[in-house]
Each structure stands twice: as C-alpha cells, then as structure tokens.
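Below is one structure; the comments refer to it alone.
Protein chains: 2
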Amino acid sequence: MPKISNKGKSMPESPIRKLVPFSEIAKNKGIKVYHLNIGQPDIKTPEVALNAIKNIDLEVLEYSHSAGFESYRRKLSAYYQKQGLPINFEDIIITTGGSEALLFAMGCTMDIDDEIIIPEPFYANYNGFSTASGVKVVPVMSGIENGFALPPISAFEKLITPKTKAILICNPSNPTGYLYSKDEIFQLAEIVKKHDLFLIADEVYREFIYDGDVHFSVMNVPGIEQNAIMIDSVSKRYSMCGARIGCIVSKNKEVMGAAMKFAQARLSPPTFAQIASEAAIDTPQSYFDDVITEYKGRRDTLITELNKIEGVMVATPKGAFYCIARLPVKNADHFAQWLLETFEYNGETVMVAPAAGFYSTPNVGLNEIRIAYVLKKENLIKSCVILKEALKVYKD
Amino acid sequence: MPKISNKGKSMPESPIRKLVPFSEIAKNKGIKVYHLNIGQPDIKTPEVALNAIKNIDLEVLEYSHSAGFESYRRKLSAYYQKQGLPINFEDIIITTGGSEALLFAMGCTMDIDDEIIIPEPFYANYNGFSTASGVKVVPVMSGIENGFALPPISAFEKLITPKTKAILICNPSNPTGYLYSKDEIFQLAEIVKKHDLFLIADEVYREFIYDGDVHFSVMNVPGIEQNAIMIDSVSKRYSMCGARIGCIVSKNKEVMGAAMKFAQARLSPPTFAQIASEAAIDTPQSYFDDVITEYKGRRDTLITELNKIEGVMVATPKGAFYCIARLPVKNADHFAQWLLETFEYNGETVMVAPAAGFYSTPNVGLNEIRIAYVLKKENLIKSCVILKEALKVYKD
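Sequences listed follow chains A and B, in order. My numbering numbers the first residue of the first sequence as 1 and each following residue consecutively. My numbering numbers the first residue of the second sequence as 397 and each following residue consecutively.
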C-alpha cells in the first residue's frame, strides 16, 4: 500500500475540528449551542453584490485573466487610493481568498526550510500554509498582559538567522483583536529593511477598527516598498466569506512577477465571485457604519460580560472581531469539550476555540480561548452567563 | 532589497504567455487572430447552472464545508455511480478547480524532492504544481508516431527510484487527445501495485470521447483502490471554466484525511460556483449529445484540413479537444511568433501554442504545436488555410 507524504501527515488539524463531533452530540441531545468558535459573521452581504449575481448576463462562464478581471483590479485600486494607500492596479493580483494570497506570498519569498517569524498567538492556518509551502514558522511571543502588543524588536532580532526571509503580521489581529500602532509598524519597517526581509501583512480586517483608532497599512510606509506585501480579502469586509476572493498586493515587481506565475498555473480566480466582489465596492458607507456600530456594540457587550466572570482575563480588542480570554482552568481544550459533552444551562451551552491551536510554541495558551463576537448582543450575553455558570461547577 | 525565492524564480511561465504581446500587436494592427492556443471553449454553459445563480436566495454568502457542500458531494457521487464508478460522497472533496485538486494530490503523496513520473507531452501546468510543491517531474516519452499511446511499462520501470511516489496521467489527454485503453490502465495498475505508488489520473475530459470509445477510469480498477486518486473538474464538462470547481476523489482514507487538512487550511471552495455546479448535474443528456457531436465535427474538420497541408503530421485525437501537430519547421516557437508578428493572410492570422512547453525534456517537440479545437468549424477551416499559406512562405 502506498504511503502518504510526511507533509500530508504533518499538516495541522483545525484547532476546533476535534470539537465538532461533541457539538453534534450536544445538538442531537436537543441542546442549543452558541458558536463563539467561528469567524463566519451573521452580517448580511451587501445587496449590490448579490444583485450583481442575480442579474448576471453571460452565456459562457469563462476563465478570467489569471490576475483577475482588470476592471475589478482598477476599481479595487481606486478603493485603496481613497483610503490613502498608493496602490495601482498593476500592484494587485486577485486570488482565491486571502488563503491563496498567503500561499503565493510564501511561495514567492521562501524556499524549503526557510523561516518566517510570526508574533503568536496567530491565525491557526498560517501553520497549514507554512507546512504546505515547506516553510518553518518561528514564533515570537506576545502576551495578554499588554493586550498582545508588538513584542520588542530585540525579541525579533534574536530569532533572525540566514534562513529568515519574512515577518508575517495580522493587523488587526485574528485571534487577538490587537491593532498595531503606526509606531509599531515603523519598528517592523526598520528591522525588515535592516535585514532585507519581506514584511507580509494580513490586513483582511482593516475596516473593522473601533474607538476612532486608525489602521496603518504596510503599504503606507516610505522606504519599504520592496519589502512590503499586503494580503487582503472580501470575506469579512462585505461578509462574503463564501466568495473566496482576496488579493496579494506589492510594489515589488519581482514578487508580483513570481506571484503571477503561481496565478497562471491555477488559471484564474472564480468568475462569479469576482463579479460580486467588483460590485461590492459600490457598497454605501452607511453599510460599513452600521456594521462597525454593530461590532463595537458586540465587543463592548462581550468584554463587559466577560469581566463580570471571576477569574477571567481579557484584553479589549481594538479591531477585527475576536478576543483571547484567559480562563481560570488548567486546560481550555478539556473545558471546551466538557462544555459540549457534559454541561448545559437551561438547555444551552457554548462552543469556544481553545487558544493553544493559535500558538506555535507547545504548551502555551493552555488556559486561553478565542472568542469570535459574531453573534447578536443578546446571544453574547447569554453565552457569557453560560460560561460563568460553567466555570462555577467545572473541575479541572 | 529582499530577494525572492528560488521556487518563485523557477516557477515555469505559461508556454503561451510570451506570445500574448505579439497577439496584442497583431490585433492593434487590425489583424483578426484565430485563437487555436487556448482551452476556453465557446460552448454555452447549461442554462440550469446559470439559472441557479440568477435565482440565488441567500442573505449571507457563507463559507461552505471545507470538503464542499454535502448536498453537492452526494449528487456528484450519484453522477459518478450512474457512470459505473463506485464513488461515495465521502470519497470526494470539492476543490477550487482541478488545479487545487492536483496540488492537494501532490501535497498528500509527495515530500520535497520526491519524484512523479508523467508521460510527456503533458499539461504544462503540471510543471507549475510540481515546482510549487517542491516535487520533481520525471518525464517518460510518448510519441506522435503511435498517437501518443502509453509508453511501454519497461520505460516506466527504468525511471522508478526510491524517490518515486506517483505516476500521473491525463486521460483523455490534454495536449495529445489520446485516450488510454482499458488494457493500458491495467498495465499502469500493475506497476503502481508492484512498486506501491499512487496513480493520479486527471480525468477532467472524461465526457469528451469520440468514435464510440469508452473512457476507463482509474476508479474502476479492482485492486488499486488504495493507489488511485482521481482529479475532476466542471470546467470543460459544462463549459464552466470560470467556476473554479473541481474535486479530488480517492478510496484511500489516509489520502483523503490529509487532503482534508489542506482543504481546511483554505477554509472552503467558492460558494456561488458550487451552487452552479450542483445545479449543472441536472443538465439534460441532449446538451452533452450536442456538445460531443459539435466537437467530433470540429475534430474531423481540423484533422482533415491539417492533413491537406504538406509536411504536417497529426495524430487523430480520440478525446478531449486538443491535438499535437508536427510542422515542417525547425522551431515552432519562432514560427508561432512570426505568425503573429509578421504574417497575415487576407488580414487574418492564427495563434498556436508551441508544444515544447508541454515537454519536460529539453529540446523535444520543437517542431510541434498544440491546437485546441474550440472554434467553430468554419473558423477551423480558415485557420488551416492560414497555416497552409504561412508554411508556404515561412523560412526557418
């Protein structure tokens, strides 16, 4: 019998996948499960995007250009320019989700066994893309105590070897909700310039910023035009996760030339979803205002309610729609399973994502969970009551 | 300035990409260019698929299951079973085009520097997927003289090393149009069983078979259930290239478990296109009958016309919609460029794909081109007249 590859074996499992059967069991027992574990927003997709699909007028569903429809790239470039980002349409390749953009970025910048430094906790699938690309993740620890701010640059410098090719950040961050300040981005710019590294910034949550803070993109730092690679996606911006449309953006012609060859090999990004994404750019500002107001309300509700629970520590997220909470338990993995398998409160329970899967360092974050605040406020309140009651009776 | 990766540098360019600027120049001069170079059919997408999109009823464009919608996988499994293939829905993971299915197949079966044997000429992007996966392509030569039939098994055996993990075939073949016989598939089955290799079969053209021949799938060979991996796509079957929906199929649970981890890392295949692909399964048989009749007519026209040109040798394709033609020129690459740059016949010319890009062995196929017969018959006739007139005046 043929053997599968070591790569296939070492591909990481989704950190929540092992909990799914327990969630099914709970549901089969008639227990209502509040999903705090997933990043699928309940926000409506803009009508202008859905209407573009309903009114579609084509006879042959053809490939698009491998870089995506030029009309879409031009409109996207105008969108960025309106935000003050100096991005031309030639600097953009449309990808199948931010996921493919990350794979292209890794493929263009790193060879087998090269190293990429990522502040942890980080988006769990970075591990998967790295394994698929044969690249080694080198984590640099950020902590809940200071809200998951950028680790000191000295911590990065200690980790740089001849194999180091890039630093990857998610800004604002999934899973921490941290928003890097302009000063922190400039610190990163310094170090990538000094060591000739790429700075890959996953900015897919850039529109989700609360409290009047301003998002500062790596595309806006003078002097690192050849180092900066931006990853973007329509998934969260327009609540179009199922579109699978993202993009890779860079001023570095060599990077974009190489990315184009990866893009050509897979022919084109999805046509229907590009049409919807292009139309989505006309979404009125009022949509975003409403969405941000809604998320800010959810965040405030969640943080207020979590802080009412004895022994729970949480860093207030400044952006995106996730937070990391430290619980008074030894093993959040076990606690999360127990919530689904054993616990209920008035016939309801919650599903959370144990945070250990968002760390690359072993045995870190064991008492932390990631919460996605993608539920309505009343359900977030109910979820926190359930968590509180659960922690009263849970024994490690 | 940071350097891009060797992987990025060594990603192959599309074999026709360098011709595109010359095609643009020709068009700007007002010359009509017949595109014999691309696999984008002009066949209409089934209405049932497009209507499913026009009538779409959703408020949030959500992720699907990472393996694709279960409803779609179940319907697809029924489609295969009707064709006599013993494929259950659990044996299927929906992918973003056949391209992603090939990447998953390579990722699950091969580590860095492992080897995959592929009869050449082969679909040029296999080189790209191999480079992206860090895998080495080992070509085994098939020849125009016997219509690109399977090379003798002894030729495969000579190439097998401890690094060899898989044999990849395209059946029927892009670019040759060759259809492997049941006997040839059984020969391949023998050798993969003997050496514990995977047999990956790209069967995306399986419905395009002419002359009453029957397609024989690797999923239909008893005894190689653990070796066989099938790649499929809706792109050609329903003229839905822009959907970017394919699938990877195997009975090997370890392979599918590993493929699922690759699938989870990229979250899900595109939702709109899955809805269209699921609906497309209801396409009436008359659609396929018409399409096959049309392609058979095109093939017959093309081969008849090519055979009228002195010095041209062509193997009659049995399936798909490509053929390889040997021309009385030294360098088809140069000839193809000259056709666009210099030649015209009554204000018209043709664009062809030089076949060297479909070989992995250097300096092979230099006098061959690949022709896609995706144009209407009258345009194929005109194209052959242009080729004939061009060859009269062309000087190497």
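Note that the Cβ used here is the ideal one computed from N, Cα and C, for glycine as well. As the structure is a prediction and not an experimental result, all values here were calculated from the model.
Taking the CB atoms as reference points, tell me whether Lys532(B) and Ser526(B) lie closer together than 8 Å.
Here the question's residue 532(B) lines up with position 136 in the second sequence. Here the question's residue 526(B) lines up with position 130 in the second sequence. A contact, by the Cβ cut-off of 8 Å.
Which residue from Phe321(A), Glu310(A) and Asn367(A) puts its Cα closest to that of Ala332(A)?
On the first sequence, residue 332(A) is found 332 positions in, with the first residue counted as 1. The shortest Cα separation from Ala332(A) among Phe321(A), Glu310(A) and Asn367(A) belongs to Asn367(A).
Close-in-space but distant-in-sequence residues of the same chain around Lys578(B) (CB under 7 Å, 5 per side omitted)
Residue 578(B) sits at position 182 when you count from the first residue of the second sequence. If we look at Lys578(B) and ignore the five residues flanking it on each side, its Cβ neighbours are Phe612.
Using a C-beta cutoff of 8 Å, does Tyr63(A) count as contacting chain B?
Position 63 of the first sequence, counted from the first residue, corresponds to residue 63(A). With 8 Å as the cut-off, Tyr63(A) counts as an interface residue toward chain B.
Boundaries (first-last residue) of the beta strand (DSSP E) holding Val536(B)
One-based indexing of the second sequence puts residue 536(B) at position 140. From DSSP, the beta strand (DSSP E) with Val536(B) extends over Lys532 to Met537.
Endpoints, the alpha helix (DSSP H) within which His65(A) is located:
Here the question's residue 65(A) lines up with position 65 in the first sequence. Where His65(A) is concerned, there is no enclosing alpha helix (DSSP H), because DSSP gives it neither an H nor an E.
Could you compute how far the alpha carbon of Gln583(B) sits from the alpha carbon of Asn623(B)?
By one-based count along the second sequence, residue 583(B) stands at place 187. By one-based count along the second sequence, residue 623(B) stands at place 227. Rounded to the nearest angstrom, the two C-alpha atoms are 14 Å apart.
Spatially closest choice to Phe658(B) from Asp685(B), Ile644(B), Thr667(B) and Phe668(B), by CA coordinates:
Here residue 658(B) refers to the residue found at position 262 of the second sequence. Closest option to Phe658(B), Cα to Cα, is Ile644(B).
Minimum Cβ-Cβ distance from Thr161(A) to chain B less than 8 Å:
Position 161 of the first sequence, counting from 1, holds the residue named residue 161(A). Closer than 8 Å: no.
Mind reading off the beta-carbon distance from Pro411(B) to Phe739(B)? Whole number of angstroms is fine, and I expect it under 8 Å.
Numbered from its first residue, the second sequence carries residue 411(B) at position 15. Numbered from its first residue, the second sequence carries residue 739(B) at position 343. About 20 Å; that fails the 8 Å criterion.
Rounded to whole angstroms, what is the Cα-Cα separation between Gly608(B) and Thr557(B)?
Along the second sequence, one-based indexing puts residue 608(B) at 212. Along the second sequence, one-based indexing puts residue 557(B) at 161. Roughly 38 Å separates the two Cα atoms.
Residues in its own chain within less than 8 Å of Lys32(A) by CB, not counting five upstream and five downstream?
Residue 32(A) sits at position 32 when you count from the first residue of the first sequence. Excluding sequence neighbours, Lys32(A) sits near Gly347, Glu348 and Thr349.
Quick check: the Cα distance between Ala445(B) and Ile671(B), rounded to an integer number of angstroms?
In the second sequence, residue 445(B) corresponds to position 49, counting from 1. In the second sequence, residue 671(B) corresponds to position 275, counting from 1. Pairing Ala445(B) with Ile671(B), the inter-Cα distance amounts to about 8 Å.
Please specify which runs of the beta strand (DSSP E), each continuous and at least 3 residues long, are wholly inside the segment 555 to 579 of chain B, giving them in chain order.
560 to 566
Mind checking Glu310(A): buried by the 16 CB within 10 Å criterion, or exposed?
Here residue 310(A) is taken as the residue at index 310 of the first sequence, counted from 1. Around the beta carbon of Glu310(A), a 10 Å sphere encloses fewer than 16 other beta carbons of the protein chains shown; the residue is thus reported as exposed.
With DSSP run on the structure shown, which of helix, strand or coil describes Ser397(A)?
The question about residue 397(A) has no answer, for chain A in this structure spans 1 to 396.
Exposure of Val329(A), with buried meaning 16 or more beta-carbon neighbours within 10 Å:
For the purposes of this step, residue 329(A) is identified with residue 329 of the first sequence, where counting begins at 1. Result: buried.
Restricting to Cα atoms, I'd like to know which of Gly524(B), Met656(B) and Lys425(B) is closest to Gly8(A).
Counted from its first residue, the first sequence places residue 8(A) at position 8. Closest option to Gly8(A), Cα to Cα, is Met656(B).
Rounded C-beta distance between Met626(B) and Met615(B)? I'm assuming under 8 Å.
Start at 1 with the first residue of the second sequence, and residue 626(B) comes out as number 230. Start at 1 with the first residue of the second sequence, and residue 615(B) comes out as number 219. Confirmed, about 5 Å.
Do Arg695(B) and Thr601(B) come within 8 Å of each other at the CB atom, strictly closer than that value?
The residue labelled residue 601(B) in the question sits at position 205 within the second sequence. The residue labelled residue 695(B) in the question sits at position 299 within the second sequence. Looking at the sequence shown, residue 601(B) is not Thr but Tyr. Taking 8 Å as the Cβ cut-off, Tyr601(B) and Arg695(B) do not qualify as a contacting pair.
Less than 8 Å between the C-beta atoms of Gly638(B) and Tyr72(A), yes or no?
Position 242 of the second sequence, counted from the start, is the residue given in the question as residue 638(B). Position 72 of the first sequence, counted from the start, is the residue given in the question as residue 72(A). Taking 8 Å as the Cβ cut-off, Gly638(B) and Tyr72(A) do not qualify as a contacting pair.
Per DSSP, Ser646(B) forms a beta bridge with which residues?
For the purposes of this step, residue 646(B) is identified with residue 250 of the second sequence, where counting begins at 1. Partner(s): Ile625(B).
Confirm, please, whether the CB-CB distance from Ala280(A) to Pro41(A) is below 8 Å.
Numbered from 1 along the first sequence, position 41 holds the residue referred to as residue 41(A). Numbered from 1 along the first sequence, position 280 holds the residue referred to as residue 280(A). It is not a contact, given that the beta carbons lie outside the stated cut-off.
Per-residue DSSP class, three states only, for Tyr72(A)
Taking the first sequence and counting its residues from 1, one reaches residue 72(A) at position 72. DSSP places Tyr72(A) in helix when its eight states are reduced to three.
Have a look at Thr304(A) and Lys376(A) and give me their C-alpha separation to the nearest angstrom.
Your numbering for residue 304(A) matches position 304 in the first sequence. Your numbering for residue 376(A) matches position 376 in the first sequence. So the alpha carbons of these two residues sit roughly 15 Å apart.
So which residues on chain B does Asp42(A) lean against when the C-beta distance must stay under 8 Å?
Here residue 42(A) is taken as the residue at index 42 of the first sequence, counted from 1. Simply Val456.
Pairs of beta-carbons, one from the segment 333 to 341 of chain A and one from the segment 104 to 122 of chain A, closer than 8 Å: are there three or more?
no
If the criterion is Cβ atoms closer than 8 Å, does the pair Leu306(A) and Cys384(A) meet it?
Residue 306(A) sits at position 306 when you count from the first residue of the first sequence. Residue 384(A) sits at position 384 when you count from the first residue of the first sequence. Yes, they are a contact pair.
For a cutoff of 8 Å on Cβ pairs, would you count Glu496(B) as touching chain A?
The residue labelled residue 496(B) in the question sits at position 100 within the second sequence. True, the Cβ-Cβ gap to chain A drops below 8 Å.
Counting only the same chain and skipping the five closest in sequence on each side, list residues whose C-beta sits under 8 Å from that of Ser77(A).
Taking the first sequence and counting its residues from 1, the one referred to as residue 77(A) is at position 77. The answer, listed in chain order, is Ile87, Asn88, Phe89, Asp91 and Ile92.
Residues of chain B with a CB under 9 Å from the CB of Val255(A): which are they?
Position 255 of the first sequence, counted from the start, is the residue given in the question as residue 255(A). Correct list: Pro398, Ile400 and Gly404.
Below 8 Å on the Cβ atoms is my guess for Ile641(B) versus Ile490(B); work out the distance and round it to an integer in Å.
Counting from 1 along the second sequence, the entry for residue 641(B) is found at position 245. Counting from 1 along the second sequence, the entry for residue 490(B) is found at position 94. 7 Å between Cβ atoms; contact.
Would you say Cys108(A) faces chain B, with C-beta separation under 8 Å as the test?
Position 108 of the first sequence, counting from 1, holds the residue named residue 108(A). It does; some Cβ of chain B falls within 8 Å.
Kindly list the residues whose CB is nearer than 6 Å to the CB of Met256(A), restricted to its own chain and excluding five residues on each side of it in sequence; keep chain order.
The count along the first sequence starts at 1 and reaches residue 256(A) at position 256. Ser250, listed in sequence order.
Could you tell me the boundaries of the beta strand (DSSP E) in which Cys323(A) lies?
Counted from its first residue, the first sequence places residue 323(A) at position 323. Residues Tyr322 to Arg326.
Listed from N- to C-terminal order along the chain, which residues in the segment 606 to 638 of chain B have their beta-carbon within a distance smaller than 7 Å of any beta-carbon of chain A?
So the close ones are Gln622, Asn623, Ser635, Met636, Cys637 and Gly638.
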